[in-house]
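Notes for the one structure printed next.
Numbering (this note's numbering), first residue to last: 7 to 303.
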């Protein structure tokens, strides 16, 4: 398991400390508002991501990709993505009391139900809402998290992400070659975090039904659960007005030893897709739909 570490360069340390010291100078709600103009600029200047998002939202809504309603949804998606970065920056100034004051949690008992089995927890989320908020809730409850991520080509940005996650108590590991290390974490009763909407390029993707059409979702969470008998918990946090959030922690999804391994992996992956679909239906603009999910769309 390749643990990602900061380069330790002066620029990396300077940017991180600047973020830590300046994060609380701007009120949180104002920071969210200030994120909108840059997000609109990115929307205008990144046509490839705009097209992918439009194709995905066309599948979600059943409308043509060039329909004005889809275009409005794409713009709203970019704006939520801008707010996500504002939140990631601002969160560096929050203490545990601030997190708990701003977040209403539904299903928090499901973390304990999964962990009490003593066989580890695979925490699954999507590129949606605020992953920082969802992860913070787990950390505040005492869970040590190994989060699987893809390495970014922009070294300074990857350094900042690694440092901010370390400050939160989260260890990032590379998606490449992480399998055996993650199995050891789960067998020690730890928590591994992964995303379910990683896109069709992932080599471990398998077919599922998503919004009534064949799509490809990574099977990694289900494979880990099957190999270790860990529980899978799906969770995410979405934005509410006034700088608040609503976090959802779903009931544990457990392996079924009565089934053949491949059948069980397919079942659990499909259940994760169904759960995620429900949240996308409720909060479509908060899905960062910048990766191809449907091979034909």
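Each residue gets a CB set at the ideal place from its N, CA and C atoms; glycine is no exception.
Helix, strand or coil: how does DSSP classify residue i here?
{"i": "residue 220", "result": "strand"}
{"i": "residue 237", "result": "strand"}
{"i": "residue 227", "result": "helix"}
{"i": "residue 166", "result": "helix"}
{"i": "residue 43", "result": "helix"}
{"i": "residue 242", "result": "strand"}
{"i": "residue 211", "result": "strand"}
{"i": "residue 260", "result": "coil"}
Considering residue i, what are the terminal residues of the alpha helix (DSSP H) in which it resides?
{"i": "residue 198", "result": "Counting along the chain, residue 198 falls outside any alpha helix (DSSP H), though it belongs to the beta strand (DSSP E) covering 197-201."}
{"i": "residue 4", "result": "Here the chain covers residues 7 to 303 and nothing more, so residue 4 does not appear."}
{"i": "residue 176", "result": "From DSSP, residue 176 is part of no alpha helix (DSSP H) but of the beta strand (DSSP E) over 176-180."}
{"i": "residue 247", "result": "Run containing residue 247: none; DSSP gives neither H nor E here."}
{"i": "residue 56", "result": "53-67"}
{"i": "residue 285", "result": "267-288"}
{"i": "residue 38", "result": "34-40"}
If you compare alpha carbons, which of the options is closest to residue i?
{"i": "residue 243", "options": "269, 191, 192, 106", "result": "106"}
{"i": "residue 280", "options": "264, 181, 131, 198", "result": "131"}
{"i": "residue 26", "options": "181, 216, 192, 170", "result": "170"}
{"i": "residue 204", "options": "288, 231, 300", "result": "300"}
{"i": "residue 201", "options": "77, 218, 222, 190", "result": "222"}
{"i": "residue 43", "options": "32, 265, 88", "result": "88"}
{"i": "residue 217", "options": "252, 229, 285", "result": "285"}
{"i": "residue 206", "options": "58, 153, 90", "result": "58"}
{"i": "residue 253", "options": "114, 288, 227", "result": "114"}
{"i": "residue 190", "options": "37, 226, 126", "result": "126"}
{"i": "residue 219", "options": "65, 61, 35", "result": "65"}
{"i": "residue 63", "options": "92, 82, 45", "result": "82"}
{"i": "residue 257", "options": "24, 274, 265", "result": "274"}
{"i": "residue 152", "options": "136, 184, 56", "result": "184"}
{"i": "residue 230", "options": "213, 261, 250", "result": "261"}
{"i": "residue 148", "options": "135, 155, 175", "result": "175"}
{"i": "residue 121", "options": "187, 150, 31, 296", "result": "150"}
{"i": "residue 173", "options": "157, 48, 196, 138", "result": "138"}
{"i": "residue 240", "options": "251, 278, 110, 298", "result": "278"}
{"i": "residue 142", "options": "192, 255, 298", "result": "255"}
{"i": "residue 133", "options": "179, 48, 86", "result": "86"}
{"i": "residue 100", "options": "192, 146, 74", "result": "146"}
{"i": "residue 192", "options": "234, 179, 210, 156", "result": "234"}
{"i": "residue 56", "options": "199, 79, 38", "result": "79"}
{"i": "residue 197", "options": "210, 156, 208, 128", "result": "128"}
{"i": "residue 45", "options": "90, 194, 118, 272", "result": "90"}
{"i": "residue 238", "options": "195, 249, 245, 68", "result": "195"}
{"i": "residue 265", "options": "288, 236, 232", "result": "232"}
{"i": "residue 178", "options": "74, 161, 157, 48", "result": "157"}
Would residue i be called buried (16 or more neighbouring beta carbons within 10 Å of its own) or exposed?
{"i": "residue 76", "result": "buried"}
{"i": "residue 270", "result": "buried"}
{"i": "residue 263", "result": "exposed"}
{"i": "residue 165", "result": "buried"}
{"i": "residue 247", "result": "exposed"}
{"i": "residue 70", "result": "exposed"}
{"i": "residue 292", "result": "buried"}
{"i": "residue 51", "result": "exposed"}
{"i": "residue 226", "result": "buried"}
{"i": "residue 54", "result": "exposed"}
{"i": "residue 84", "result": "buried"}
{"i": "residue 259", "result": "buried"}
{"i": "residue 93", "result": "buried"}
{"i": "residue 124", "result": "exposed"}
{"i": "residue 98", "result": "buried"}
{"i": "residue 136", "result": "buried"}
{"i": "residue 211", "result": "buried"}
Counting along the chain, where does the beta strand (DSSP E) carrying residue i start and finish?
{"i": "residue 253", "result": "250-255"}
inquiry  = Quick check for students: name the residue ranges of the beta strand (DSSP E) that lie wholly in the segment 69-155, counting only runs of 3 or more.
reply    = Along the length of the segment 69-155, whole beta strand (DSSP E) runs at least 3 residues long occupy 109-112, 127-131, 151-155, reported in chain order.
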